[in-house]
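Residue numbers (the working numbering): 262 to 1006. Even for Gly, the Cβ is constructed at its ideal location relative to N, Cα and C.
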């Protein structure tokens, strides 16, 4: 997200005047490779960073020239931007240091900042960059003296320049030509499929909030050699400036931007088309032209867009790590598992391959409290978290809870509990400009609680505890959904499956099509409308089923297409389904294959569930919860029962109590979230009393103790009963509870 509020702008313009006319923050994403994450990696132990010091009211000179010691501070990060404290900002006289002092006193241990070097193209090199780097060095020393880490926002592929069009006529003003990136370097811009450069003025309809009326906004081509060289030179200098991390945003190829730039499939600039030809041996048409999804050149281009971003980000990472191996490259992405990845040439599956960790951006739960927003929100978080966990990386979340309302603290509470239960580090703003805190008292309380329970929340050995995997197919998203949410059947089915499983109390792990070497870790796998599947992947699934795996397949066209979306005459797995394409007449087909079993339905239950939940309607008036419940019940009675496997978790809790279990090196961590009674106008869940949950333990595990830590409360031991490999807990639940199940040595 590009923070840009009047509050931040006024502050930054004042602070950065020495560096020239500069601009601020951007959006985010990824890249694509054939490599798969390593299963169940051994992670480094995490240790807490130095505690923040109380605000003494003064601004002492910097005492430290190096950051506080910590093996991996990113695992225990409590992130803030310093420009969101209304009390400090309202004072007649204040300094930047006052903001840092207050943030650290409030419990922050990571400070995210902006300077001219963030995304102002005039600070790409020269005296303006020199001035910005000097400012960064001074600030880094001060933040380190306060026992915190200092990270800087950068948005290399989007440049916003203010004051270009002061008369608001949509053109560069006379005398501003030298400040216009579009005029000085027209060949740097990305180009869309209709031949237009990705250059925008703030007066165009539908511009995002960070592109002010007088602004010029340019999206830059990562394929352009001169721009790329200057960007890497700047990256090296940033890495040497004393920063602990770079928050890298907007590694996007522009697809939709405003009302006049839609489905543009950038980058088709001369530099990009030349690089595509060099790397693939194929030639793209010169724009304008229309996509031809049956053309191997276009199919290759869709995959190559990921490569373009991956290699740009990969070079950036190599550049900064060569200068400072301890610097963390933090990739921000607002791209979920779905069509946005195709649109922007960026996938969350790829970010861990080219960065140290990912800061995911997801809008908050909003003030209307429609129940179904919550399991959908949690599903999105778990999809991201499982990808990052497979690479042994932490996950940060940038999210939003609208500040200033009577019910803001209550909503912030359920939001934060969800974020932490999913395993994310917390960074939440009270507005989309990242310039307002949600609630000062709540954040102080939350940060103190997180700091006291880092080991419970962020044990680096945590990974999902499940015997069932849900397959996410990037090939289906790319070549069947084609960047279009209107045709995103797999995406709807995928997230519908996650929410259905959460409400059915069936733990799962998200598995991508690149991870089929991990099939033997699971008893069952769900293919929710996975329409595009390669032959090698089909063979892997077939072999796994023969060996005893249980496969649940939904969707009339599942496996009907190869990995590029080319149609087959029949399903790739027709022999497992027991029926050919176009011949399915019954609702459910069940077959035993070797030692395994396949349950296939040409219907779309998970997609039906997601449509019935209508989570996108803020009031819930368009939702059909009764039908959603029918779909969930039918899944359990007809599909889950036919698989004939047992879940490692059973409970008498209602479907509105969700469980997230993790296995760690010395036991289990079970997180429970209570969404019961949440509805439009009511953000406070109804307390649940006397709930029972039964967990099947790993082979040979003996439980020594169980502690329950209610959200924002202290841990307490609770009674438990173990009979064989089954552990039974009885508990009360308000908002959320974290159960630590300790195994005997």
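For residue 1036 versus residue 883, is the C-beta distance shorter than 8 angstroms? This structure cannot settle anything about residue 1036, because the visible part of the chain is limited to 262 through 1006.
Quick one, which of 453, 401, 476 has its alpha-carbon nearest residue 434's? Answer by Cα proximity: 476.
Verify whether the separation of the beta carbon atoms of residue 374 and residue 403 is less than 8 angstroms. Cβ atoms of residue 374 and residue 403: not closer than 8 angstroms.
Own chain, CB closer than 6 angstroms to residue 359, minus 5 neighbours either side, in chain order: For residue 359, where only same-chain residues beyond five positions count, the Cβ hits under 6 angstroms are 349.
DSSP three-state assignment for residue 382, whether helix, strand or coil: In the structure shown, residue 382 sits in a helix (DSSP, three-state: H, G or I).
Residue environment, residue 678, which counts as buried when at least 16 other CB atoms sit within 10 Å: Residue 678 is buried by the Cβ-count criterion.
Looking at C-alpha atoms only, which residue of 489, 485, 505 is the closest neighbour of residue 533? The closest CA to that of residue 533, considering only 489, 485, 505, is found on 485.
Where the alpha helix (DSSP H) containing residue 574 begins and where it ends: Per DSSP, the continuous alpha helix (DSSP H) segment holding residue 574 begins and ends at 557 to 584.
Rounded to whole angstroms, how far is the Cβ of residue 794 from the Cβ of residue 833, which I believe are closer than 8 angstroms? In this structure residue 794 touches residue 833 by the C-beta definition: roughly 5 angstroms separates them, less than 8 angstroms.
Looking only at C-alpha atoms, which of 816, 873, 867 sits nearest to residue 845? Among 816, 873, 867, the Cα nearest to that of residue 845 belongs to 816.
I need the boundaries of the alpha helix (DSSP H) containing residue 798, first residue and last residue. Per DSSP, residue 798 belongs to the alpha helix (DSSP H) from 796 to 807.
Just list the beta strand (DSSP E) runs in the segment 901 to 929, keeping only unbroken ones of 3 residues or longer that don't cross its boundaries, in chain order. Complete beta strand (DSSP E) runs here, min 3: 910 to 912, 918 to 925.
Coarse secondary structure for residue 621, derived from DSSP in three states: Three-state DSSP puts residue 621 in a strand.
Which residue's Cα is closest to the Cα of residue 512: 708, 454, 426, 619? Among 708, 454, 426, 619, the Cα nearest to that of residue 512 is on 619.
With the cut-off set at 8 angstroms, would you say residue 604 and residue 517 are in Cβ contact? Cβ atoms of residue 604 and residue 517: closer than 8 angstroms.
Pairwise C-alpha distance: residue 417 and residue 281: For residue 281, the predicted model reports a pLDDT of 31, less than 50, meaning its position is unreliable and no value from the coordinates is stated.
Verify whether the separation of the beta carbon atoms of residue 860 and residue 903 is less than 8 angstroms. It is a contact, given that the beta carbons lie within the stated cut-off.
Residue 971, enclosing beta strand (DSSP E) - first and last residue: Its beta strand (DSSP E) spans residues 964 to 971.
Touch test, the segment 745 to 765 against the segment 627 to 644, Cβ-Cβ under 8 angstroms, three pairs minimum: Taking 8 angstroms as the limit for Cβ pairs, the verdict is that the segment 627 to 644 does touch the segment 745 to 765.
Please report the straight-line C-alpha distance between residue 940 and residue 436, rounded to a whole angstrom. So the alpha carbons of these two residues sit roughly 55 angstroms apart.
Out of curiosity, what's the CA-to-CA distance linking residue 947 and residue 446? If you take the alpha carbons of residue 947 and residue 446, they lie about 59 angstroms apart.
For residue 772, the first and last residue of its enclosing beta strand (DSSP E): Bounds of the beta strand (DSSP E) holding residue 772 are 770 to 773.
DSSP three-state label for residue 949, please. It is a strand residue.
Any beta-carbon of chain D closer than 8 angstroms to the one on residue 818? Any reference to chain D falls outside this structure, which holds one protein chain only.
If you run the structure through DSSP and keep just helix, strand and coil, what is residue 225? Because the chain spans 262 through 1006 in this model, residue 225 falls outside it and cannot be assessed.
Tell me which same chain residues have a C-beta within less than 6 angstroms of the C-beta of residue 995, skipping the five on either side of it? The residues 948, in chain order, have a CB closer than 6 angstroms to that of residue 995 in the same chain once the five nearest residues on each side in sequence are set aside.
Quick one: grab the DSSP three-state call for residue 724. DSSP places residue 724 in strand when its eight states are reduced to three.
CA-to-CA distance, residue 874 to residue 641, given in whole angstroms: Near 15 angstroms, if we compare the C-alpha coordinates of residue 874 and residue 641.
Please determine if the segment 744 to 755 and the segment 660 to 680 are in contact, where contact requires at least 3 C-beta pairs separated by less than 8 angstroms. The answer is no - the segment 660 to 680 does not touch the segment 744 to 755, with fewer than three Cβ pairs under 8 angstroms.
Would you check if there are 3 or more beta carbon pairs closer than 8 angstroms linking the segment 785 to 805 to the segment 819 to 831? Here the segment 785 to 805 lies against the segment 819 to 831, with 3 or more beta-carbon pairs under 8 angstroms apart.
Start-to-end residues for the alpha helix (DSSP H) that takes in residue 675: Membership of residue 675 in the alpha helix (DSSP H) is indicated by the continuous run 669 to 683.
How far does the alpha helix (DSSP H) with residue 398 in it reach, from first residue to last? Annotation: the continuous alpha helix (DSSP H) that includes residue 398 extends over 387 to 406.
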